Structures are given as structure tokens and as C-alpha cells.
Amino acid sequence: VYSYGKHVHVGPNGGSLSLSELATTSERSVVPSYDAFARYYSKDTWADDVIRTALDPSQAFWSDDQRRVVAVKASQVLVTYFGAMQNAYEAVSSCSSAQQLRSTGSTESWDKVAAILIGHLEGTKTNGTVEGYMLYDLSQQHCVEFGTCLDDVTTVDTNEDLVSLLYTGRGAALENSCRALRKAADEMSSLLLIPMIQGALSTSMALSHSNDDLIRAEAYVYSRALLPLVRDRGAAVQLDEYLGNPGPQNPKHTAAEVYSALATAYPDMGVDCEKIGDPSGYDPCSGVVYGVSDTVWIIVGVLGGILLASCCCFIYFRSKQKTAKLPENNPKFFPSEEGELNHSMDLLEKAFASTPSSNHTSVGSQTPETEALNRYHDAEPLDDDDFEDVASIKSNMESAPDII
Numbered sequence: 001v002y003s004y005g006k007h008v009h010v011g012p013n014g015g016s017l018s019l020s021e022l023a024t025t026s027e028r029s030v031v032p033s034y035d036a037f038a039r040y041y042s043k044d045t046w047a048d049d050v051i052r053t054a055l056d057p058s059q060a061f062w063s064d065d066q067r068r069v070v071a072v073k074a075s076q077v078l079v080t081y082f083g084a085m086q087n088a089y090e091a092v093s094s095c096s097s098a099q100q101l102r103s104t105g106s107t108e109s110w111d112k113v114a115a116i117l118i119g120h121l122e123g124t125k126t127n128g129t130v131e132g133y134m135l136y137d138l139s140q141q142h143c144v145e146f147g148t149c150l151d152d153v154t155t156v157d158t159n160e161d162l163v164s165l166l167y168t169g170r171g172a173a174l175e176n177s178c179r180a181l182r183k184a185a186d187e188m189s190s191l192l193l194i195p196m197i198q199g200a201l202s203t204s205m206a207l208s209h210s211n212d213d214l215i216r217a218e219a220y221v222y223s224r225a226l227l228p229l230v231r232d233r234g235a236a237v238q239l240d241e242y243l244g245n246p247g248p249q250n251p252k253h254t255a256a257e258v259y260s261a262l263a264t265a266y267p268d269m270g271v272d273c274e275k276i277g278d279p280s281g282y283d284p285c286s287g288v289v290y291g292v293s294d295t296v297w298i299i300v301g302v303l304g305g306i307l308l309a310s311c312c313c314f315i316y317f318r319s320k321q322k323t324a325k326l327p328e329n330n331p332k333f334f335p336s337e338e339g340e341l342n343h344s345m346d347l348l349e350k351a352f353a354s355t356p357s358s359n360h361t362s363v364g365s366q367t368p369e370t371e372a373l374n375r376y377h378d379a380e381p382l383d384d385d386d387f388e389d390v391a392s393i394k395s396n397m398e399s400a401p402d403i404i
């Protein structure tokens with residue numbers, strides 16, 4: 001079935017479409033995440049290699065029971081994801097040409113997306129059944145554990161979003177709205193990662209308590225689907241160690257290590273961690289740091305600039321106020337003992353304050369003006385200019401009335 005296909009017929013001649021073809025076609029390169037997988041595995045046949053290794057009895061890597069789990073789960077996770085997204089982005093590529101040629105290639109490619117993601121086993125009932133093997137069914141498997149079920153049977157919020165995107169994309173394809181079609185494809189590529197992440201987290205919790213061989217095989221497949229999307233090298237090594245085969249010697253901390261490793265990758269994956277759900281005792285969003293948009297940084301920069309300018313203005317005016325209050329910038333006049341405000345006398349007293357009086361023994365009854373003149377007579381001889389200044393001051397004193 002894997003190599004030659006069954007039930008699915010494509011093309012005018014009705015040829016079969018096999019899972020092997022979906023896993024190896026070079027047309028998957030249209031998917032944006034294709035390059036990340038090709039770089040990580042150093043080849044473009046990563047899904048086919050995992051499945052054929054599991055199907056080969058000569059490989060001692062897996063037990064017989066594990067082989068079946070790896071082959072089925074890898075087909076569900078690794079193959080159908082890229083098969084669906086290949087057709088989604090082919091629809092986007094066909095959109096611009098369809099505008100000119102009125103081609104229906106865009107809508108046909110988008111219809112294939114729904115077929116690959118849902119399959120025929122879901123039947124015609126609303127929300128399908130629990131018998132499917134595609135990514136649509138994978139969301140149903142983990143919804144109870146992660147609290148993402150919208151009812152007790154099959155309705156899952158992730159699948160509701162998926163169906164909504166499928167209708168949105170088909171409408172955009174019919175209207176040749178290429179931008180809306182591209183947006184639907186991008187959102188779908190991130191949305192389909194959520195059931196894979198739930199599977200990885202679920203198996204990590206189980207492996208923390210018991211190193212079950214079948215759960216180990218399932219965890220291995222989930223890790224192969226997510227490792228190329230984990231950009232942090234340390235987190236990728238951590239994820240490979242705890243979900244790989246063989247696992248760590250002490251699996252006790254498997255859940256904690258896997259949760260922390262994946263938390264570093266959600267922003268790069270474009271996954272909203274709130275949509276993953278919240279299993280009891282664990283928080284998928286713990287440690288997640290989402291980047292802010294350029295618009296937010298622009299707003300922060302503008303507000304920061306305004307705040308800095310305000311601080312500079314405040315400091316400038318504050319310094320001006322302090323400078324204005326300094327004593328040298330605020331001269332004051334103090335009255336003398338006689339009640340006079342004679343600034344000229346004050347200057348004269350300061351000029352001769354350093355010259356002691358030796359010719360007068362009684363100073364208690366002398367006025368300040370007399371004391372200044374006595375110091376003038378006892379001082380060293382003045383030159384002609386100094387004498388004229390003093391005489392002028394004395395003349396002014398005698399002629400000016402006292403200010404009371």
C-alpha cells in the first residue's frame with residue numbers, strides 16, 4: 001500500500017497515488033519549511049527513509065510491534081503533512097496564472113488538500129468518525145487529554161479551525177484572491193503542527209512514568225516531524241535525546257525536558273501555545289517568549305525619545321533655578337548699627353579692615369565713619385589716585401543725608 005497506493009486515483013488515466021510518491025516527490029520544495037527539513041536530514045527523502053527502515057525486517061532498530069507503529073504514524077505525520085501543504089502552495093502558485101488563463105488548477109489543488117488531510121474513513125457525518133488515519137484524526141486522538149474537544153465525541157477546536165481555513169481557501173481560489181489564499185495556506189501550515197506537538201507532549205508524559213516500547217516508537221516519529229523546526233541547537237539536542245530511540249537512561253524528566261525544548265520553538269513555528277491545550281500538571285506556554293512586531297518597537301522608541309527629551313528639559317530648568325538661588329546672584333544690603341544703609345561705607349570698611357589702629361585707644365564712642373578715617377590716617381601712604389578716591393567718598397558722606 002505504501003509503495004503502490006490504493007483507493008486514490010489521479011490524472012486522466014486514473015493512475016494510483018501512493019504514499020511513497022508523496023514522501024519523495026521533488027514538488028514538495030514549494031512548501032516554505034521544506035528547506036529546513038532538507039538541511040536537517042541532509043537529504044530530501046527523510047520521511048521515506050524512516051518508513052522503509054521500519055518496514056525492513058533486516059533492520060534491528062525496531063521490534064516487530066514498533067515497526068507497525070513507526071510506519072503508520074510516519075505516514076500520518078511526516079507524509080500527509082507535506083503532501084497537503086504541497087498542494088496548498090501549488091494552489092497559491094497557480095492563482096496568479098489562473099487570473100489570466102481562467103484556469104481551475106488553483107481550486108483543484110486546494111480540493112486535494114482537504115482529501116489528504118481528512119481522507120475517506122471519516123465518512124460523511126458531521127465532524128467525521130474516530131476511524132480515520134489522517135491528520136484530522138490525530139487532533140481527535142489528543143483532544144480529551146489536552147482539553148481541546150468541543151464535545152465528548154469528535155468535535156475538536158483545531159479541526160474546526162482547519163475546516164474553516166479549507167472553506168476560506170477554496171473561496172479565495174474561486175475568486176482568484178491570491179493574497180487571501182496565501183494567508184490561508186500559511187495559517188494552515190502552523191495549525192497542522194498542533195496535533196503533532198500534542199502527540200510529542202503526550203508521549204513525553206507517558207515516557208516519564210514508563211519506558212513503553214510502543215510509546216517510544218510513536219514519540220520517535222513526532223520528534224522527526226518537529227526537530228527541523230527547532231532552531232535552538234541545545235533544545236533540538238534535548239528533544240532528540242528524550243524522544244529518540246533509544247531514550248535516556250533515566251526517563252524520569254522526559255516530560256519536563258520536552259516541554260521546555262518545544263517552548264523555545266513555538267514562536268518560530270508560528271504556533272499559538274494557547275491552542276495546544278493544558279494537560280493536567282503541565283503548562284505548554286511556560287517559558288514561551290514571543291517576539292514583538294516592528295510597529296511595537298517603533299512606538300516604544302518614540303515614547304522613549306519623548307521621555308528622554310522631557311528629562312533633559314527638566315534637568316536644564318532645574319539647574320537654572322538652582323543657579324538663580326546662589327548667594328552671588330542675589331546681593332543683599334544689611335543695615336549698620338546706626339540704622340544706615342550706606343553701601344559706600346561698607347566698601348570702605350572692607351578696604352581697610354586689615355590695617356590695625358594704633359593711635360586711638362578709645363573706640364567705644366566712635367562712629368563707624370570716624371573709625372574708618374582713623375584707619376585711613378594710620379594706613380600706609382596712598383598715591384595721588386587713592387587719595388582722590390577717599391576724599392571724594394568723604395565729601396559725599398558729609399553732604400549726603402542719613403537714611404533712616
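Per the working numbering, the very first residue in the sequence shown carries number 1; after that it's consecutive. Don't be surprised by glycine CBs; every beta carbon is placed ideally from N, CA and C. Remember, predicted model here, so these are calculated numbers, not experimental data.
Inside the segment 16-52, DSSP marks whole alpha helix (DSSP H) runs of 4 or more residues at positions 19-24, 34-41, from first to last along the chain. Cβ atoms of residue 77 and residue 221 come within 8 angstroms of each other, at about 6 angstroms. About 4 angstroms separates the beta carbon of residue 156 from that of residue 143, a gap short enough to meet the 8 angstroms contact definition. In this structure, residue 169 and residue 184 form a Cβ contact; the two beta carbons are roughly 4 angstroms apart against a cut-off of 8 angstroms.
Going by C-alpha positions, residue 308 is about 52 angstroms away from residue 208.
Two segments are said to touch when three or more pairs of C-beta atoms, one from each, lie closer than 8 angstroms; by this definition the segment 226-241 touches the segment 38-51. Taking the C-beta atoms as reference points, residue 265 is found no nearer than 9 angstroms to residue 217. Residue 141: member of the alpha helix (DSSP H) spanning 135-146, first to last residue. Counting every other CB atom within 10 Å of its CB across the protein chains shown gives residue 250 a total below 16, marking it as exposed.
Burial state of residue 57 is exposed, judged by a 10 Å Cβ sphere holding fewer than 16 other Cβ atoms. Boundaries of the alpha helix (DSSP H) harbouring residue 73: 64-74, taken from the DSSP string.
With fewer than 16 other CB atoms across the displayed protein chains lying within 10 angstroms of its CB, residue 1 is exposed. In the DSSP assignment, no residue is bridged to residue 313. Taking all protein chains in view, the Cβ of residue 66 is crowded by 16 or more other Cβ atoms within 10 Å, so the residue is classified as buried. Pairing residue 54 with residue 214, the inter-Cα distance amounts to about 13 angstroms. The Cβ-Cβ distance between residue 33 and residue 189 falls below 9 angstroms. Its chain contains 156, 157, 158, 277 as the residues whose beta carbon lies nearer than 7 angstroms to that of residue 148, once the 5 sequence neighbours on both sides are disregarded; these appear in chain order. A check of alpha carbon separations from residue 117 across 140, 91, 146, 81 identifies 81 as the nearest.
Per DSSP, reduced to three states, the secondary structure at residue 95 is helical. Comparing C-alpha distances from residue 61 to each of 26, 191, 247, 317 shows the shortest one belongs to 247. A direct Cα-Cα distance of roughly 7 angstroms separates residue 239 from residue 257.
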